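Engineer: Below is the structure I would like to discuss, written out as structure tokens.
As structure tokens, then:
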């Protein structure tokens, strides 16, 4: 066993390629591995599905009493559900709520997490102690059961409402990470200099410290989106949230609890369609995260 | 002595958290649209009870009187809570919530802890291998498997496992924590059946957090391997096995700090996994209580899940202090 | 060297380096970090390696111990040391035993060369176990004696964790680890950087005394001319992976031949004298990717540059009596 990452001993620094724009560098990193390109393609396809999916189909998807739980065919590429509706159409039209709510959730998570982390790390002292106590509390409370309990009073019909609750229960980890980065940044020379110049605190926080954490926060946004997708689909799957709209979780719930997909094979395509959609999206994000990692942490390039 | 004081401090902190959670659920139920407390009272009246009888009955269920002020109700509720009285279940008529949740808790805790231990051991071992062999094919395969498993949501994992191993290839039993014909007790067939029924749920827990441990351990090992003292150990000619011990022990430490997150995640997952495998634990109890509008039971189940997470966190925290001399106070 | 008897009398060993080339392999190409280095390290002397960062002084020290790690690679050359033979031919167990028993390496004071989770005594026992010491008590006794020799409380050091020691104490603990197996060659990497002036003096004094008592061969890596002048007996000047000058300290400092050495000496501000007299060296050292592949590597910063420097890499010629200098602009016989 040998250590392959020389940290301070005889590690020559090869200078980076200068004068390269961020986008160009990102594309170069993504292109370097085909898996990353696949990841990006999957994410783009799902995003398009969320934006344009519902436009491809009539508001009420056609039902077909002659093709209930039909197996996959040319007409129904993923089979049909208990009413004879195409599973493919259900997956595509269901993507909008799922993805939009997840995006909202990620935005709320990032806003709360970054805001609280920055405040805590910049103001330190009592504010920091209090905010970190709250953060620890949020981190300790088992999030999913809390969502289940909240579902008794909160109306999750609107994606924004769903996103808000997911955000407010999920910001703990990010707040902690942002806080510790803020703490280390505020000791750096340029922050000291800004303070010495008498710049106001909000200026230092938003224009000096925040931009330095941009990449980290961007990565967290993507991770939060997937986390939120799992949580909301899970809530719908469990059936604790009223089924206002068609989405993947509702499909899973109906397939398992009314379709009997666990006992018989006929409802299987109905169960597998949303499952495969979730797994595919997961795969896309996992593959793409690898590229983000390298774009934002150039050090990884030599460690690999 | 210092350790004892620290433990007491942690326990007080934990009790405070429980208090906050209890307060939250109290107001949640009390301010719920449709006011379930008033609704329960009304139902009892329509069953022909006198207002006094009905009010007393509601008090037994929720721990406070329906007509008191909100504040008085809250004080009464807390008073009951301090005496470990969580009220009475509505759906299981006349049974105390404490009794129901306490009999459900062992199922959840056993499954979750087995899952945590299994995933931790597997993930850490695989993480070390992935770090050591990271330029080889096996390292990449392990890392990718870790990322994928880390990405798959718990309930999808459980559904897939249930589908593959109970429907596609019916190797493992489905539903109920043990065979119906057996008498519960300390006998071999019963324990064997328990273990057999627990395999799939434990695997579901383990697989859902294995990837996280693997990835964290891998990056931790890679980072420790770049530390000066590892190079120093090599230049001093320490045996590979001793060097490995140095790396492993240092690399595993940061993992304790994410135990808190992991435990919340695992106990939270009980809602899915117990539901999918039809296991009578706290998670399933929480769900059925919500579906039955049994709010005292819901509150009790949620409180107990929270307490389980808080206690496990305190244990993990003390384990951490035991292995890292730097945070031991002189 | 007999591996089972690490306590044979410690006598400094000489080192003979011939045509050593070390390359770094990156995704942007292969770069030489040391190019065709030939050098004799004399037994029982203190030799200093001096140069700017990136000059290859640490790489050279690592190569002497055959401890270059990826992406670096020893491309060619040989390194003979008394009692071991060609270090570059060793691998596996025999190389491991040489580390610690023949070579002792002392890390910079600023780096943490000790396992943070184990008491220092326990780590010494690990060291003993790795090198087949039968009686750990002898080892601990030796370590305690060394600690006390360096002005520390032996028992306290052995029962401490790294984080309980100050920077200067850690540095001395590192020296214990390098010496406790009676290594014959001790290599110290920047032994005084990150220490305050008084600790610097104390550490240098300890190094000198132990060097003499044990008859060691010592190598000190530094960029600090003051350290050089203070305790080093012979100086090796490195620039861009080449040895540009070598010789006895006094002669080399008073009559530097290579323009780079001159520049280094002129750059030191004196306590007595005008600060303006200190002349920083013009230009900056090349990094691995920008080292010229043809001609003299120093020519862009050189005051003696002539046409031949662009085309031909200078060869070593004798200087300072038994030393050498590598420069077209220096006439060996003047």
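Chains as they are written, first to last, in our numbering: chain A, 1 to 304; chain B, 1001 to 1330; chain C, 2001 to 2334.
Glycine is no exception: its CB is placed at the ideal position from the N, C-alpha and C atoms.
Quick caveat, the model's predicted, so the values are computed rather than measured.
#1: Note down, in chain order, each residue of its chain lying with its Cβ closer than 8 Å to the Cβ of residue 98 of chain A, except the 5 sequence neighbours on either side.
#2: What does residue 1264 of chain B touch in chain A if you count any residue whose Cβ is under 8 Å from its own?
#3: Does residue 2029 of chain C come out as helix, strand or coil in the three-state DSSP assignment?
#4: DSSP three-state label for residue 2008 of chain C, please.
#5: Just to make sure I have the definition right: I need the residues of chain B whose C-beta is within less than 7 Å of the C-beta of residue 173 of chain A. Which are they?
#6: Would you say the segment 1201-1216 of chain B touches the segment 1123-1133 of chain B, given that touching needs at least three Cβ pairs under 8 Å?
#7: From the beta carbon of residue 2049 of chain C, is the nearest beta carbon of chain B less than 8 Å away?
#8: State the DSSP-derived secondary structure class of residue 2237 of chain C, mapped to helix, strand or coil.
#9: For residue 2241 of chain C versus residue 2035 of chain C, is the C-beta distance shorter than 8 Å?
#10: Counting pairs of Cβ atoms below 8 Å between the segment 1283-1302 of chain B and the segment 162-171 of chain A, do you hit three or more?
#11: Any contact of the segment 1270-1284 of chain B with the segment 1095-1114 of chain B, i.e. 3+ C-beta pairs under 8 Å?
#12: Please identify, using Cβ separations under 7 Å, the residues of the segment 1238-1251 of chain B that lie next to chain C, in order along the chain.
#13: Is there a Cβ of chain C sitting closer than 8 Å to that of residue 1325 of chain B, yes or no?
#14: Quick check on residue 62 of chain A: does DSSP put it in helix, strand or coil?
#15: Going along chain A, which residues have a C-beta under 9 Å from residue 1063 of chain B?
#16: So, using beta-carbon positions, are residue 122 of chain A and residue 201 of chain A closer together than 8 Å?
#17: Kindly indicate which residue of A:279, A:289, A:286, A:270 has the alpha-carbon position closest to the one of residue 89 of chain A.
#18: Helix, strand or coil for residue 1064 of chain B per DSSP?
#19: Tell me the rounded alpha-carbon separation between residue 2093 of chain C and residue 275 of chain A.
#20: Determine the closest residue to residue 2282 of chain C out of C:2136, C:2266, C:2111, C:2296, with distance taken between C-alpha atoms.
#21: What does the Cβ neighbour count give for residue 1097 of chain B, buried or exposed, with the cut at 16 atoms within 10 Å?
#22: Could you work out which residue in B:1297, B:1058, B:1202 is closest to residue 1039 of chain B when comparing CA atoms only?
#23: Threshold first: 4 residues or longer. Then list the alpha helix (DSSP H) segments lying entirely within the segment 2087-2138 of chain C, N to C.
#24: Let me know if residue 22 of chain A comes out buried or exposed under the rule of 16 or more other beta-carbons within 10 Å of its beta-carbon.
#25: Show which residues of chain C have a CB atom less than 8 Å away from the CB atom of residue 1235 of chain B.
#26: Can you grab the Cα-Cα spacing for the pair residue 2007 of chain C / residue 2148 of chain C, in whole Å?
#27: Counting only beta-carbon atoms, is residue 1329 of chain B nearer than 8 Å to chain A?
#28: For the alpha helix (DSSP H) that contains residue 2075 of chain C, what are its first and last residues?
#29: Can you tell me the Cα-Cα spacing of residue 2262 of chain C and residue 2076 of chain C, whole angstroms?
#30: Roughly how many whole angstroms lie between the Cα atoms of residue 281 of chain A and residue 150 of chain A?
#31: Output the boundary residues of the alpha helix (DSSP H) element that contains residue 2049 of chain C.
#32: Can you pull the chain B residues whose beta carbon is under 7 Å from the beta carbon of residue 76 of chain A, in chain order?
#33: Which two residues bound the contiguous beta strand (DSSP E) that contains residue 2242 of chain C?
#34: DSSP three-state call for residue 1096 of chain B: helix, strand or coil?
#35: Helix, strand or coil for residue 2324 of chain C, going by three-state DSSP, please let me know.
#36: Which word fits residue 205 of chain A, buried or exposed, when buried means at least 16 other C-beta atoms lie within 10 angstroms of its C-beta?
Structural biologist: Inspection of the coordinates gives the following:
#1: In chain order, 50, 229, 232, 233, 247, 248, 249 place their CB closer than 8 Å to the CB of residue 98 of chain A, counting only its own chain and leaving out the 5 sequence neighbours on each side.
#2: Simply 139, 140, 141, 142, 143.
#3: The answer is strand: DSSP assigns residue 2029 of chain C an E or B state.
#4: Summary for residue 2008 of chain C: the model assigns pLDDT 41, below 50, so the residue's position carries little reliability; its value from the coordinates is reported in the next sentence. Three-state result, residue 2008 of chain C: coil.
#5: Result: 1261.
#6: They touch, by the three-pair rule.
#7: Residue 2049 of chain C is outside the set of residues whose beta carbon lies under 8 Å from a beta carbon in chain B.
#8: The DSSP-derived three-state label of residue 2237 of chain C is strand.
#9: The Cβ atoms of residue 2241 of chain C and residue 2035 of chain C lie closer than 8 Å to each other.
#10: Under the three-pair Cβ rule at 8 Å, the segment 1283-1302 of chain B does not count as touching the segment 162-171 of chain A.
#11: Yes, since at least three Cβ pairs between the segment 1270-1284 of chain B and the segment 1095-1114 of chain B fall closer than 8 Å, the two stretches touch.
#12: When C-beta distances to chain C are compared with 7 Å, the residues of the segment 1238-1251 of chain B below that value are 1238, 1239, 1242, 1246, 1249, 1250, in chain order.
#13: Yes, its Cβ sits closer than 8 Å to a Cβ of chain C.
#14: Coil.
#15: Neighbourhood of residue 1063 of chain B in chain A, by CB distance below 9 Å: empty, with the nearest CB roughly 18 Å away.
#16: Between residue 122 of chain A and residue 201 of chain A, the C-beta gap is smaller than 8 Å, which places the two residues in contact.
#17: Residue A:270 is the option with its Cα nearest to residue 89 of chain A.
#18: When DSSP states are grouped into helix, strand and coil, residue 1064 of chain B belongs to the coil group.
#19: If you take the alpha carbons of residue 2093 of chain C and residue 275 of chain A, they lie about 53 Å apart.
#20: Among C:2136, C:2266, C:2111, C:2296, the Cα nearest to that of residue 2282 of chain C belongs to C:2266.
#21: Buried, by the Cβ-count rule.
#22: B:1058 is the residue among B:1297, B:1058, B:1202 whose C-alpha sits nearest the C-alpha of residue 1039 of chain B.
#23: Within the segment 2087-2138 of chain C, the complete alpha helix (DSSP H) segments at least 4 residues long are 2092-2101, 2120-2130, listed from N- to C-terminus.
#24: Exposed: under 16 other Cβ atoms inside 10 Å.
#25: The contacting residues are 2065, 2067, 2099, 2100, 2103, 2105.
#26: Interpretation of residue 2007 of chain C is limited by its pLDDT of 39, a score under 50 that renders its predicted location unreliable; the figure taken from the coordinates is listed afterwards. Rounded to whole angstroms, residue 2007 of chain C to residue 2148 of chain C spans 20 Å at the Cα level.
#27: Note on residue 1329 of chain B: pLDDT 46, under 50, position unreliable in the model; no value is reported.
#28: From DSSP, residue 2075 of chain C is part of no alpha helix (DSSP H) but of the beta strand (DSSP E) over 2072-2081.
#29: Rounded to the nearest angstrom, the two C-alpha atoms are 31 Å apart.
#30: Residue 281 of chain A and residue 150 of chain A have their C-alpha atoms roughly 27 Å apart.
#31: Looking at the DSSP string, residue 2049 of chain C is not in any alpha helix (DSSP H); the run it does join, the beta strand (DSSP E), is 2046-2050.
#32: Those do not exist, as residue 76 of chain A stays about 21 Å from chain B at its closest Cβ, beyond 7 Å.
#33: Judged by DSSP secondary structure, residue 2242 of chain C falls within the beta strand (DSSP E) whose first and last residues are 2242-2248.
#34: Residue 1096 of chain B: strand per DSSP, three-state reduction.
#35: Three-state DSSP puts residue 2324 of chain C in a strand.
#36: That one is buried.
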